[in-house]
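Student: Chains as they are written, first to last, in our numbering: chain Y, 1030 to 1489; chain B, 1030 to 1489.
Beta carbons are placed, not taken as given, at the ideal position from N, Cα and C, and that holds for glycine.
None of the values given here were measured: they were computed from a predicted structure.
2 protein chains.
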Amino acid sequence: MQKKAISVKELYATPIEELEKLESVTVQGWIRTNRNSGNVGFIHLHDGTCFKNIQVVYTADSPFFEEVSKYPFGAAVRFDGKVVATPTLQQPFEIQSTSAELLGGVDSDYPLQKKKTSFEFLREEAYLRPRTNTFDAVFRVRSVLAMAVHQFFQDRGFVYVHTPEITGNDAEGAGSVFTITTDSKDNPYTDFYGRRASLTVSGQLHVEAFAMAFKDVYTFGPTFRAEKSNTTRHASEFWMIEPELAFADLDDDMECIEACIKYCIEYILTHCPDEMDFFNKWIDKGVIEKLKKVLASDFRKMEYTEGIEILKKAVAGGHKFQNNNIYWGMDLQSEHERYITEEFVGGPVFLYNYPKEIKAFYMRENDDGKTVAAVDLLVPGEGEIVGGSQREERYDILKTKMDALGNTEGLEWYLNLRKYGGCIHSGFGIGFDRLLMYITGINNIRDTEPYPRTANALKY
Amino acid sequence: MQKKAISVKELYATPIEELEKLESVTVQGWIRTNRNSGNVGFIHLHDGTCFKNIQVVYTADSPFFEEVSKYPFGAAVRFDGKVVATPTLQQPFEIQSTSAELLGGVDSDYPLQKKKTSFEFLREEAYLRPRTNTFDAVFRVRSVLAMAVHQFFQDRGFVYVHTPEITGNDAEGAGSVFTITTDSKDNPYTDFYGRRASLTVSGQLHVEAFAMAFKDVYTFGPTFRAEKSNTTRHASEFWMIEPELAFADLDDDMECIEACIKYCIEYILTHCPDEMDFFNKWIDKGVIEKLKKVLASDFRKMEYTEGIEILKKAVAGGHKFQNNNIYWGMDLQSEHERYITEEFVGGPVFLYNYPKEIKAFYMRENDDGKTVAAVDLLVPGEGEIVGGSQREERYDILKTKMDALGNTEGLEWYLNLRKYGGCIHSGFGIGFDRLLMYITGINNIRDTEPYPRTANALKY
């Protein structure tokens, strides 16, 4: 066994009186800073168990002073020492070292620097960037947020379904997909499965079948898009949360979306206060206030048709959008969504009942014959963050639509769900990486993913 | 909003005295059985929120008797009624219906039958099989087991890392991979990423980099193999759990493996008692006892070399393996592993320090020059269920090995981890679907995955 060390997280969670009673503690981690005045040296040690560092002190009268003073930035080290309260300093205590050990040195070509480096540079060194403050915070929050998602749905009795990554279908009927192949000589595309197979763009259709057995279900896994969108919000591989609720209409859907988003935000504010303080100070001033406002607000509901009227009035009143051509039937752009949520409502808003032409085939047609029971959640500072809908449960209507689109073939099973004990059901999708962007204030999706996958970027 | 219904789970969790006080309850779900004697009818209603059904009674004096008696197997229905205690019957209470509503009927070509159907048949109807008892149990346990995994690691402070599915590497240096393409005319393979890309076979190498920042990390996501192994234990897409622990040697690794497996088993026995009773009765008699034995045992540690001696003695003593050619350096087959854990030890055993020739390049070479610090956990009734190792942290040794294998190119970053504040670290991998097989007693991996992906099987 390796020498038992106390984690920095545990240190900060233990009352100082308890720590001072200990004969000696062992800490291990990586050096974030190492400076000395000739008589006394200070190391900020980071062990990855929490956002905070711990200060280790070494003095000139110790036999290892010379050696430790040479420990480089980034080195893996271990110290034994005594915890001493430091009531006059910023940190509540420090460790006065009694022995030191270098576990792993650092070669001179180490790409990281003590000083702040750009996100662009760090993207090129994706395997090292979790060692920086920003990415330490981002990826810990990513982990905790994933747990929040699971906790929310499991507490509500949702069954987690691992929908497949490899599929013969394409849920949206649109969007570019990656095809997979075994590189065999004869039939590179059909050799393995006996038919062409692609990477999933959504687990929704597959998970709907499970909602017809378990009532409430959710997927949470990777999805793929082969579109070369070089924006700050698109990646070719990202994680999606896709819940599906049986015996639930669009109002039930909105209730669940609101509860889910609030739960996730609350969870992160509670579990990651140091990380959120960091984001609030260095990445996106005001992000905490933004999130707290969401928590405090009742999400407003507004029909798409009313949204269009509001936008028309804004244009008439002199507001300048990049696209000022507002008409019923148009697909809203981010600037329009943000106007509604930021300027008009001043808080989160569910925009619902969209024109059927701009929405997916599986969404339930309303009685007006023009709209479908689709909903987008718009939030200030972002625009759309969740998209959902009540699903078309009427066999004939759905089949007519699918036949017209020519995507019935291969999806007969999906249609059949409407013939075999079907019921009213609804669901939604949350882009997990975008939710993480919203919560942390990080403004490029590449900086929320451990090893981002975008066009022409596959270094690791 | 849809009419507020009480879930079957909630019904069973509420004291009967409380339920009897209610004027009326609403339940909704799917019909599992519907029979009547002319005067009184009984419906077993399943709503997917728990394994149990609820009995709904309808009598001939109600205006809807005729109609309800025709509700078919599988139909989605809603009932209002009064909860009445049934102290003399098997189930503690039933619902005496006061109104009924058919939400979704069932066409006559419904493939499911009231009577038991074969797993092979149900595999062909994967989208419907969660409606059967067995798969209701399997997929609820799958969901709860996934939660157990997250809970275990998050409670221990591990950071969950979404390692990429699309990669330029191949972790094991072996095994067939799926290549991905955009089907573009000019450069179908390199068009998107500027280089060939494949689906991951393991997140280990990627997650090791994060262990050098967060100390303890884990991945839990889909992995892929393009091998056409037509066995009950191989699928082309499956989920893997891959933890990685910094400042941890092989003993630390084994401690974590043992704690993890016991936690998962305990969690399922506690959270899924009805499902486990079902498996114990219908799928694998004795599975609960098997699991409880694992919980009660201290996992034994045994070197590979000792394992070989034991197998040699078994052969000398007349034991017949399919492969009786036992020698130091061989790769053990399942029959050998099972002999050691079932016959010799009679409980879980960590077999460790394997010949380096039969193990992966990243495993740490022991001082004997012949073995590496690899470990497999063997359990009765299964054989290997977890594989792990201490990783080679010494740059020169690792580089020599990788150069010899010719896989250094593209993995320089992985080598670099040894130059930039590296430390002793260890990790392991658990095939999630196989763990689920072990816990449920289900003996075909195709029956543990919502939509299994194997050679020539991609129906959905």
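Tell me the start and end of each unbroken alpha helix (DSSP H) in the segment 1404-1439 of chain B that is at least 4 residues and wholly inside, in chain order.
Tutor: The qualifying runs are 1424-1434.
Student: Where Lys1228 (chain B) and Phe1207 (chain B) are concerned, what is the direct C-alpha to C-alpha distance, given to the nearest angstrom?
Tutor: Going by the sequence as given, residue 1228 (chain B) is Leu instead of Lys. Approximately 6 Å, taken between the alpha carbons.
Student: With a cut-off of 8 Å, does the C-beta of Asn1485 (chain B) fall near any C-beta of chain Y?
Tutor: yes
Student: Residues in the same chain with beta-carbon distance under 6 Å from Tyr1333 (chain B), minus the five sequence neighbours each way, listed in chain order, please.
Tutor: Leu1380, Asn1382 and Tyr1383
Student: What residue from Y:Tyr1391, Y:Arg1463, Y:Leu1324 and Y:Pro1121 has the CA that sits closest to Ile1294 (chain Y)'s CA?
Tutor: Y:Leu1324
Student: With a floor of 3 residues, list each beta strand (DSSP E) that falls wholly inside the segment 1212-1248 of chain Y, ordered by position along the chain.
Tutor: none
Student: How should Gly1417 (chain Y) be labelled, buried or exposed, when 16 other C-beta atoms within 10 angstroms of its C-beta is the threshold for buried?
Tutor: buried
Student: Count the CB pairs spanning the segment 1101-1108 of chain B and the segment 1443-1456 of chain Y that are closer than 8 Å, and state whether there are at least three.
Tutor: The answer is yes - the segment 1443-1456 of chain Y touches the segment 1101-1108 of chain B, with three or more Cβ pairs under 8 Å.
Student: My output table needs one value for Tyr1156 (chain B): the three-state DSSP class, helix, strand or coil.
Tutor: coil
Student: Going by other Cβ atoms of all chains shown within 10 Å of its Cβ, with 16 needed for buried, is Met1030 (chain B) buried or exposed?
Tutor: Exposed.
Student: Please name the residue, chosen from Y:Lys1330, Y:Asp1138, Y:Phe1221 and Y:Lys1399, that lies closest to Val1378 (chain Y) on a Cα-to-Cα basis.
Tutor: Y:Lys1330
Student: Can you pull out the residues from the segment 1404-1431 of chain Y whose beta carbon lies closer than 7 Å to at least one beta carbon of chain B?
Tutor: none
Student: Would you call the segment 1085-1102 of chain Y and the segment 1048-1064 of chain Y in contact, with 3 or more CB pairs under 8 Å?
Tutor: yes
Student: What is the DSSP secondary structure of Thr1127 (chain B), counted as helix, strand or coil?
Tutor: strand
Student: In the structure shown, what three-state DSSP assignment does Ala1200 (chain B) receive?
Tutor: Confidence at Ala1200 (chain B) is low in this model, with a pLDDT of 47, below 50, so the placement of that residue should be treated as unreliable; the coordinate-derived value is given next. The answer is coil: DSSP assigns Ala1200 (chain B) none of H, G, I, E or B.
Student: Closer than 8 Å, CB to CB, is Gly1103 (chain Y) near chain B or not?
Tutor: yes
Student: Is it buried or exposed, Leu1487 (chain Y), if we count other Cβ atoms within 10 angstroms and call 16 or more buried?
Tutor: buried
Student: Please specify which runs of the alpha helix (DSSP H), each continuous and at least 4 residues long, are wholly inside the segment 1455-1483 of chain Y, giving them in chain order.
Tutor: Segments of the alpha helix (DSSP H) lying fully in the segment 1455-1483 of chain Y: 1461-1469.
Student: Spell out whether any CB of chain B is found under 8 Å from the CB atom of Pro1044 (chain Y).
Tutor: no
Student: Distance cutoff 8 Å, beta carbons only. Does Ser1091 (chain Y) sit that close to anything in chain B?
Tutor: no
Student: If you run the structure through DSSP and keep just helix, strand and coil, what is Gln1057 (chain B)?
Tutor: strand
Student: Using a beta-carbon distance below 8 Å, is Lys1244 (chain B) in contact with chain Y?
Tutor: Yes, Lys1244 (chain B) counts as interfacial toward chain Y.
Student: Comparing alpha-carbon positions, which option in Y:Ile1209, Y:Lys1214 and Y:Thr1088 lies nearest Pro1217 (chain B)?
Tutor: Sorting Y:Ile1209, Y:Lys1214 and Y:Thr1088 by C-alpha distance to the C-alpha of Pro1217 (chain B) places Y:Ile1209 at the top.
Student: Closer than 7 Å by C-beta to Glu1394 (chain Y): which residues in its own chain qualify, once you throw out the five before and the five after it? Chain order, please.
Tutor: Lys1385, Val1401, Glu1421 and Ile1426
Student: Mind checking if Thr1211 (chain B) is an interface residue toward chain Y, Cβ cutoff 8 Å exclusive?
Tutor: yes
Student: Using a Cβ-Cβ cut-off of 8 Å (strictly less than) and excluding sequence neighbours within five positions of Asn1472 (chain Y), which residues of its own chain qualify?
Tutor: Thr1261, Asp1313 and Met1466
Student: Ignore the nearest five residues each way along the sequence and tell me which others in Leu1048 (chain B)'s own chain have a CB closer than 6 Å to its CB.
Tutor: Val1112
Student: Which residues, in order along the segment 1153-1168 of chain B, keep a beta-carbon less than 9 Å from a beta-carbon of chain Y?
Tutor: From the segment 1153-1168 of chain B, only Glu1154, Ala1155, Tyr1156, Leu1157, Arg1158, Pro1159, Arg1160, Thr1161, Phe1164, Asp1165 and Phe1168 have a Cβ closer than 9 Å to chain Y.
Student: What residues in the segment 1263-1277 of chain B bring their beta carbon closer than 8 Å to a beta carbon of chain Y?
Tutor: Ser1265, Glu1266, Trp1268, Ala1275, Phe1276 and Ala1277
Student: Should Gly1336 (chain B) go down as buried or exposed, given a rule of 16 or more other Cβ atoms within 10 Å for buried?
Tutor: Buried, because 16 or more other Cβ atoms sit within 10 Å of the Cβ of Gly1336 (chain B).
Student: Taking 8 Å as the threshold (C-beta atoms), are Trp1268 (chain B) and Phe1461 (chain B) in contact?
Tutor: The answer is yes: Cβ separation under 8 Å.
Student: If you measure between the beta carbons of Gln1362 (chain B) and Asn1352 (chain B), is that distance less than 8 Å?
Tutor: yes
Student: Shorter than 8 Å from the beta carbon of Arg1064 (chain Y) to some beta carbon of chain B?
Tutor: No, Arg1064 (chain Y) lies away from the interface with chain B (no Cβ there is under 8 Å from its Cβ).
Student: Run down chain Y in chain order and give the residues with a C-beta less than 9 Å from the C-beta of Trp1442 (chain B).
Tutor: Glu1154, Ala1155, Tyr1156, Leu1157, Lys1488 and Tyr1489
Student: Less than 8 Å between the C-beta atoms of Phe1071 (chain Y) and Val1054 (chain Y), yes or no?
Tutor: For Phe1071 (chain Y) and Val1054 (chain Y), no; Cβs fall outside 8 Å.
Student: With distances taken from CA atoms, which of Y:Gly1458, Y:Glu1039 and Y:Ala1238 is nearest Ile1414 (chain Y)?
Tutor: Y:Gly1458
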